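Every letter in the sequence shown is one number past the one before it in the working numbering, and letter 177, counting from 1, is 1545. Ideal placement from N, C-alpha and C gives every residue a C-beta, glycine not left out. Note that the structure is predicted; figures quoted are calculated from it, not measured.
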Amino acid sequence: MIDLHSHILPGLDDGAADLKEALTMAGIAVADGIKTMVATPHVETGLYDNSRETILAAVDELRGHLQENNIPLELLPGAEYHLEPDLPGRLQRGELLTINDGGRYLLVELPAALVPEYTARVFYELQLQGVTPIIAHPERNLALTNHPSIFYELVARGAVAQLTAASFTGGSRRAAAAARAFLAKGCVHLVATDAHNSNKRPPHLAEAGQQVAKLAGQARSVELVSGNPLRVLQGRVLETGKIEYPRQSRRSLLQRLKRLVSRRS
């Protein structure tokens, strides 16, 4: 299996606190059947100001420690970017770190409770530069679970969705229900651990794969935890298929996003 979303780099964010914890997480991942893990530390202006150079150096350093400790885990670079309006400009200036530094997929985290009105514009401008946004854990976003048509339209416009493994194995009821609904609609492309530590949020992926197999079949499960993640690492296009969903409004996506924001202000 391939885990595209983890916070294993020690000391860069709210993930692994130190090298010992990072190595423990790596051991857990290997025991779970994960062969490759992408390190995706948070990047958020003013909170986690991790540069691509800092992340690449941290990945190289941890790789060395994995080798020294005989832990057979392939570690690749990436980052989880908080959705900010200047992401396209930063991408154009070469400041962002795409998944596996491949220049094709960018992991993006929306605010927990809302979808900013500039979301569609940012995604579109990233796509104009050849980069596909991966929406991190949409099933945990309050606005997307309350207004799923917005999520479906973002995916229909070319965004990729990555759900968290724990949402299939005992996460919150809201996240679990949304994960199953999104899976049934054909809007899920990737499942990853979003691991932060070795106890409360460990790198477990196998059980989620088993649950997905029960819900959508073994072939679909393999696609979400192995096949599609490999395609992302290789910079290949994911087959998203046609999404069938009832349109709940004649308003444009931008109008609906603005309305959501105004309701919260």
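- Per DSSP, the unbroken beta strand (DSSP E) holding Ala-1560 starts and ends at 1558-1560.
- Taking 4 residues as the shortest admissible run, the stretch 1404-1444 contains the following complete alpha helix (DSSP H) segments, listed from N- to C-terminal end: 1420-1436.
- Assignment of Tyr-1486 by DSSP, reduced to helix, strand and coil, places it in the coil class.
- Rounded to the nearest whole angstrom, the CA to CA distance from Lys-1568 to Asp-1562 is 11 Å.
- The stretch 1489-1519 contains, as complete beta strand (DSSP E) runs of 3+ residues, the segments 1500-1504 (chain order).
- The DSSP-derived three-state label of Ile-1467 is helix.
- Rounded to the nearest angstrom, the Cβ distance from Leu-1601 to Ile-1502 is 12 Å, too far for a contact under 8 Å.
- Per DSSP, reduced to three states, the secondary structure at Leu-1475 is strand.
- Using a 10 angstroms sphere on the CB of Asp-1382, the tally of other CB atoms stays under 16, which defines it as exposed.
- In the assembly as shown, Gln-1435 is an exposed residue. Its beta-carbon has fewer than 16 other beta-carbons within 10 Å.
- A straight line joining the alpha-carbon of Gln-1586 with that of Asn-1418 spans about 38 Å.
- Listed as beta-bridge partners of Asp-1371 by DSSP are Met-1405.
- Following the DSSP letters along the chain, one finds Ala-1529 inside the beta strand (DSSP E) bounded by residues 1528-1532.
- Taking 7 Å as the cut-off, the Cβ atoms of Leu-1443 and Leu-1464 do not count as close.
- By alpha-carbon distance to Leu-1551, the top candidate from Pro-1570, Glu-1591 and Gly-1526 is Glu-1591.
- The C-alpha of Asn-1437 is placed about 37 Å away from the C-alpha of Arg-1458.
- Where Glu-1591 is concerned, there is no enclosing alpha helix (DSSP H), because DSSP gives it neither an H nor an E.
- Sixteen is the threshold: since fewer than 16 other Cβ atoms of the shown chains lie within 10 Å of the Cβ of Gly-1432, the residue is exposed.
- Rounded to the nearest angstrom, the Cβ distance from Thr-1408 to Leu-1475 is 5 Å, consistent with a contact under 8 Å.
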